[in-house]
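Trainee: Just dropping this structure here.
In my numbering, the protein residues as written are 1 to 204.
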């Protein structure tokens, strides 16, 4: 899967549906399976199947998990995803596979549907200097392998951002720390923060 949509970057103030979830972050390159059963989100999926199929997964702020039946606040850096596969169940539910595309900045807007909508803007990442990137790549590669039970090949063309995300995804982290890693757009800081957490907990 190419993580960069053909329509990237999005048009200014492009509107997409918001799927608010507690303790879920849609990282680029990640496939997220979801069961959709709430009427508002069933409507959302049906609308998306007639369009580009893209939505934003917004992570609910910590402490607001008991507000899921309403409109809980979400973090302003979120994950843009695309429905890669869907199955419509006999009871009306949908099972979907959501493909993570990019990080985006979101701002909630008015919606004429049952579900919420947001406008999105690119969340531009800051690349480190080449010599720093080379060092971080080596350290991230080593840390990822330490947390992997089976041998994996990490190709040299994998973006530094994805390496930092891969390490973060292999660790059990508190909400605040995982969101910090997800929202950090300075790639050197994100990589070093992930490595710091790896050093604290050690290989799993």
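Where is the CB? At the ideal position from N, CA and C, for every residue including glycine.
If you draw a straight line from the C-alpha of residue 1 to the C-alpha of residue 110, how long is it?
Mentor: With a pLDDT of 43 at residue 1, under the threshold of 50, the modelled position of this residue cannot be trusted, and the question is left open.
Trainee: For the beta strand (DSSP E) containing residue 193, name the first residue and the last one.
Mentor: Not the beta strand (DSSP E): residue 193 falls in the alpha helix (DSSP H), residues 187-201.
Trainee: Could you please give me the residues that DSSP links to residue 144 through a beta bridge?
Mentor: In DSSP, residue 144 forms no bridge with anything.
Trainee: For residue 45, which of 122, 114 and 67 has the nearest alpha-carbon?
Mentor: Ranking 122, 114 and 67 by Cα distance to residue 45 puts 114 first.
Trainee: Given residue 41, which residues of its chain have a CB within under 7 Å of its CB, disregarding the five upstream and five downstream residues?
Mentor: If we look at residue 41 and ignore the five residues flanking it on each side, its Cβ neighbours are 19 and 115.
Trainee: Around the Cβ of residue 28, are there at least 16 other Cβ atoms within 10 angstroms (buried) or fewer (exposed)?
Mentor: Per the 10 Å Cβ criterion, buried.
Trainee: Starting from residue 17, trace the beta strand (DSSP E) in both directions and tell me its first and last residue.
Mentor: Counting along the chain, the beta strand (DSSP E) containing residue 17 begins and ends at 14-22.
Trainee: Distance, Cα to Cα, residue 73 vs residue 38?
Mentor: Their backbone Cα atoms lie some 18 Å apart in a straight line.
Trainee: Does the Cβ-Cβ distance between residue 122 and residue 187 come in under 7 Å?
Mentor: For residue 122 and residue 187, no; Cβs fall outside 7 Å.
Trainee: DSSP on residue 1, reduced to helix/strand/coil?
Mentor: For residue 1, the pLDDT reaches just 43, beneath the cut-off of 50, and the residue's location in the model is therefore unreliable, although a value from the coordinates is still provided. Coil at residue 1, not helix or strand.
Trainee: Cβ atoms of residue 84 and residue 30: under 7 Å apart, would you say?
Mentor: No. Outside cutoff.
Trainee: I need the DSSP call for residue 46, collapsed to helix, strand or coil.
Mentor: In this structure, residue 46 counts as helix in the three-state DSSP scheme.
Trainee: Ordered along the chain, which non-local residues of its own chain (more than five positions away) have a Cβ less than 8 Å from that of residue 24?
Mentor: Around residue 24: 32, 57 and 59.
Trainee: By alpha-carbon positions, which one of 48, 69, 50 and 14 ends up nearest to residue 21?
Mentor: Ranking the options by Cα distance to residue 21, first place goes to 69.
Trainee: At which residues does the beta strand (DSSP E) containing residue 98 begin and terminate?
Mentor: Segment 94-109, the beta strand (DSSP E) holding residue 98.
Trainee: Compute the Euclidean distance between the alpha carbons of residue 103 and residue 92, then round it to the nearest angstrom.
Mentor: If you take the alpha carbons of residue 103 and residue 92, they lie about 30 Å apart.
Trainee: Return the chain-ordered list of same chain residues with a C-beta closer than 8 Å to the C-beta of residue 152, the five sequence neighbours on each side being excluded.
Mentor: Cβ neighbours of residue 152 beyond the five flanking positions: 144 and 145.
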